[in-house]
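Chemist: In the numbering used here, the protein residues as written are 16 to 110.
Mind having a look at this structure? Questions to follow.
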């Protein structure tokens, strides 16, 4: 993995540490995010096209960040607003 990509991933997911597998036969790699005890807390396969295109790589990282935020119950405010505007999230009131 390129050093710049490694640094970007490390910066985005701090305090988690990123680990990249060796390329698989199809050119894809596995991105693993490790905690302070080196336990894997998240992993995802990144396909060769995602690795070759900087925009696709950045989009993949954003998707991972969003997934981690949702898992932690921290949906970003802008996403929450968008979902409400699209009526994807219903507001329930108890009387």
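Note that CB positions come from ideal geometry on N, CA and C, so glycine has one too.
Note that the structure is predicted; figures quoted are calculated from it, not measured.
Quick one: what's got a C-beta closer than 7 Å to residue 64's C-beta in the same chain, skipping five residues either side?
Modeler: In the chain shown, residue 64 corresponds to position 49, counting from 1. For residue 64, where only same-chain residues beyond five positions count, the Cβ hits under 7 Å are 71.
Chemist: Quick one: what does DSSP say residue 34 is sitting in, helix, strand or coil?
Modeler: What you label residue 34 is simply residue 19 of the chain shown in a count that begins at 1. Looking at residue 34 - three-state DSSP - the assignment turns out to be strand.
Chemist: What three-state label does DSSP hand residue 75 in the structure shown?
Modeler: Position 60 of the chain shown, counting from 1, holds the residue named residue 75. Note: residue 75 maps to helix in three-state DSSP.
Chemist: Could you tell me the alpha carbon to alpha carbon distance between residue 89 and residue 79, rounded to whole angstroms?
Modeler: The residue you call residue 89 lines up with position 74 of the chain shown. The residue you call residue 79 lines up with position 64 of the chain shown. Cα to Cα, residue 89 sits roughly 13 Å from residue 79.
Chemist: With a threshold of 6 Å on Cβ separation, who are the neighbours of residue 24 within its own chain once the five nearest residues in sequence on each side are excluded?
Modeler: Here residue 24 is taken as the residue at index 9 of the chain shown, counted from 1. Cβ within range, chain order: 33.
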